[in-house]
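Since the structure comes first, as structure tokens, the remarks are kept for the end.
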Amino acid sequence: MTSSEWIDKKIEEEDINFFRYDEFINLEKVGEGAFGIVNRADWNSGKIKIALKILTNNKAISEINNENNVKSNMEKFIKELKILRKVGFHPNINQFYGITRGKYNFRESPSFLTPKIYEDERENIINATDEIIDSYLKRNNIGWSRDFSFPKILEKHKSISNKIFGNLINNQTIRQYEVMVGYFYEDGFGVYKNEIVAFEWYKKASKLNNLNGQFELGYCYNYGYSIKKNLKEALKSYKLASDEGLNIATYFLAISYEFDNEKNRFDEAFKLYKKSAEKGFIPSQYKLATFYEIGKGTQQNKTEALKWYKLFLENNGEYNPTYNIKDTIMEKTTLSIKSLINDIEREITRNELDEIIEAYLKHNSIGETKSFSFFKVLKNYESKSQEIFKCLNNNQTIRNYEVIVGKFHEMGFGTNENMDKAFKWYIDASKQNNYNGILETGNCYYNGNGVVKNCDKAFEFFQRAVNESKEKLNRALYSLATCYKSGDEICHDGIVANDHFHYIYYK
């Protein structure tokens with residue numbers, strides 16, 4: 119057993135307390151002891167001066183082939199600790215607080231710290247290392263979802279993390295070497311957590327023009343990991359990686375712009391979310407949808423918002439505004455997003471129905487022109503006709519409700535074409551003195567649609583529509599004028615031909 123393994127075991131069993139090395143500052147060598155160098159240092163957490171003994175890599179407690187010697191030497195070390203514990207209450211005796219691990223110089227080989235990997239487990243360790251690296255790169259490319267979370271991949275291999283770290287640290291040709299070593303230190307995966315060391319590895323990776331290292335460096339500056347927060351440096355690093363196409367860097371650059379309290383940079387954030395969303399970064403798809411929904415950094419567009427919310431869910435996305443990519447837990451928001459999608463769909467469909475109603479009223483007012491056609495409006499929404507018809511049925515208090523239901527039955531819009539039903543709805547509308555309903559009833563009598571043709575009845579309803587309408591109903595005037603022009607032959611074919619033309623055009 120090596121000294122490192124022995125210390126690890128005692129810390130894990132809570133026989134010895136462990137403290138982070140960066141808690142100690144102002145180190146000054148004051149001498150050497152039986153097991154190593156003794157420094158004087160200031161302890162930030164305890165707010166006191168302490169003696170920091172550095173255990174050197176010698177045979178006092180290092181790996182020795184003779185098991186008895188190992189046991190004997192370790193017993194000496196343990197004996198010293200026990201003595202310190204027993205007499206630690208005395209004011210003239212140093213009190214033993216615990217163990218720290220010295221700041222690791224990433225430029226030197228740390229192979230003496232790593233456990234031995236046996237041949238029968240080597241392939242498994244290599245495969246696990248590859249899976250972790252692949253998952254890390256996947257996270258930086260597509261983000262995270264209900265099906266995929268990089269921290270969960272690390273959790274999966276936690277039981278062999280020390281050997282995975284050993285395999286990585288001793289094989290510098292492994293892809294993303296510097297970045298992954300840094301991440302393992304930052305996460306405490308297979309090695310003691312040390313954000314200062316992690317930062318140094320990220321810094322080295324960024325100097326090698328590694329985009330992932332550049333991003334991680336920016337992340338450290340952004341959130342103050344091992345270094346004072348520096349948004350300017352964070353944005354610089356994010357932008358360098360983003361400009362080269364790293365999606366996660368683009369995403370966090372967008373977040374920084376969105377929540378910039380000093381400047382309104384929503385338009386820049388929108389462009390970046392759109393850029394990464396279109397390249398498949400799942401969290402950006404959610405953010406882009408929210409921007410479209412409320413018109414943030416762009417013109418409000420509920421249809422685009424709906425499109426990106428749906429794509430986000432298709433990709434099994436989940437989003438939490440407070441989610442930190444280093445965490446393993448995310449808030450489940452799928453149900454709330456589904457509810458949001460339903461609300462937007464209902465709103466869009468209602469707006470489309472309102473547009474059709476407005477087009478119908480405009481048609482009755484000005485007729486068909488080169489730039490406007492009620493029948494073209496219907497044609498544009500033919501693919502959604504059933505949803506619109508359902509929306510109409512669910513909103514029976516809507517103005518001109520009976521007339522529009524009748525028109526949809528007449529045109530076969532969202533339902534089967536049925537002139538008998540159309541006529542009944544028009545009659546109901548006319549009984550409520552709805553002048554559009556009166557006009558449509560007259561048209562049915564004039565053309566014999568849903569009722570026996572009766573030109574006298576048609577004339578009567580056309581005249582009522584003209585006399586009772588409070589708005590300019592030119593279509594009723596046109597119909598009445600045609601009747602007058604026909605004289606005794608009141609059923610002139612002009613209107614019939616006109617209506618049939620538009621009916622054929624729509625179909």
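In case it helps, the working numbering puts the sequence shown at residues 119 to 625.
All C-beta atoms in this analysis are idealised placements derived from N, C-alpha and C, irrespective of residue type, glycine included.
Small disclaimer: the values here were computed from a predicted structure and weren't measured.
Item to check | Extent of the continuous alpha helix (DSSP H) run through LYS571 | outcome: Note, LYS571: premise wrong, no alpha helix (DSSP H); not H, not E.
Item to check | Separation of LYS497 from VAL614, as counted between CA atoms | outcome: Reliability fails at VAL614, whose pLDDT of 44 lies under 50, so the model's placement of it is uncertain and the value that follows must be treated cautiously. Going from the Cα of VAL614 to the Cα of LYS497 covers about 21 angstroms.
Next on the checklist: Let's see if you can read the secondary structure: which residues bound the alpha helix (DSSP H) around HIS527?
Outcome noted: 519-529
Item to check | Proximal residues to LYS357 (C-beta, below 7 angstroms), its chain only, five neighbours per side dropped | outcome: Only LEU371 meet the Cβ criterion.
Next on the checklist: What does DSSP give as the partner residue(s) for VAL156 in the beta ladder?
Outcome noted: DSSP lists GLY149 and LYS171 as partners of VAL156.
Checklist entry - Whose C-beta lies closer than 6 angstroms to the C-beta of ASN481 among residues of the same chain, with five residues either side of it excluded? => result Sequence check: residue 481 is His here, not Asn. Closer than 6 angstroms at the Cβ level, and outside the excluded window around HIS481, lie PHE492.
Checklist entry - Are the beta-carbon atoms belonging to ASN534 and ILE475 less than 8 angstroms from one another? => result No.
Item to check | Buried versus exposed call for ASN176 [16 or more other C-beta atoms within 10 Å across all chains shown] | outcome: Confidence is the limiting factor: at ASN176 the pLDDT is only 46, short of 50, which leaves the residue's position unreliable, though a coordinate-based value still follows. Exposed.
Checklist entry - Which whole-angstrom value is the C-beta distance of SER263 and ILE400, which I expect to be below 8 angstroms? => result The C-beta separation of SER263 from ILE400 comes to about 5 angstroms, placing the pair in contact by the 8 angstroms criterion.
Next on the checklist: Whole angstroms are fine: how far does the CA of TYR563 sit from the CA of LEU598?
Outcome noted: 13 angstroms
Checklist entry - Closest by CA to GLU304, which one among LEU272, ASN285, LYS128 and ASN536? => result The candidate whose alpha carbon is nearest that of GLU304 is LEU272.
Next on the checklist: Judging by CA-CA distance, which residue of GLY530, TYR427 and LYS525 is the nearest neighbour of ILE545?
Outcome noted: Nearest of GLY530, TYR427 and LYS525 to ILE545, Cα basis: LYS525.
Next on the checklist: Between which residues of its own chain and VAL582 is the CB-CB distance below 7 angstroms, once the five residues before and five after are set aside?
Outcome noted: Here residue 582 is Arg; the residue named in the question, Val, does not match the sequence. Closer than 7 angstroms at Cβ, skipping near neighbours: ILE556.
Checklist entry - Nearest-angstrom Cα distance between ILE244 and ALA367? => result For ILE244 and ALA367, the gap between their C-alpha atoms comes out near 28 angstroms.
Checklist entry - With burial defined as no fewer than 16 other Cβ atoms inside 10 Å of the residue's Cβ, what is the status of GLU380: buried or exposed? => result GLU380 comes out exposed.
Checklist entry - Which value, in whole angstroms, describes the spacing of the CA atoms of ILE287 and TYR295? => result 8 angstroms
Item to check | Selected residue, minimal CA-CA separation from GLU146, among LYS171, ARG240 and ALA576 | outcome: LYS171
Checklist entry - Which of helix, strand or coil does DSSP assign to PHE142? => result strand
Next on the checklist: Rounded to the nearest angstrom, what separates ILE282 and PHE409 at their Cα positions?
Outcome noted: Rounded to whole angstroms, ILE282 to PHE409 spans 42 angstroms at the Cα level.
Checklist entry - Taking DSSP as the reference, what is the three-state secondary structure of GLU226? => result With a pLDDT of 39 at GLU226, under the threshold of 50, the modelled position of this residue cannot be trusted, and the question is left open.
Checklist entry - Measuring CB to CB, does SER503 end up less than 8 angstroms from GLY532? => result yes
Next on the checklist: Quick check: the Cα distance between TRP426 and TYR404, rounded to an integer number of angstroms?
Outcome noted: Going from the Cα of TRP426 to the Cα of TYR404 covers about 7 angstroms.
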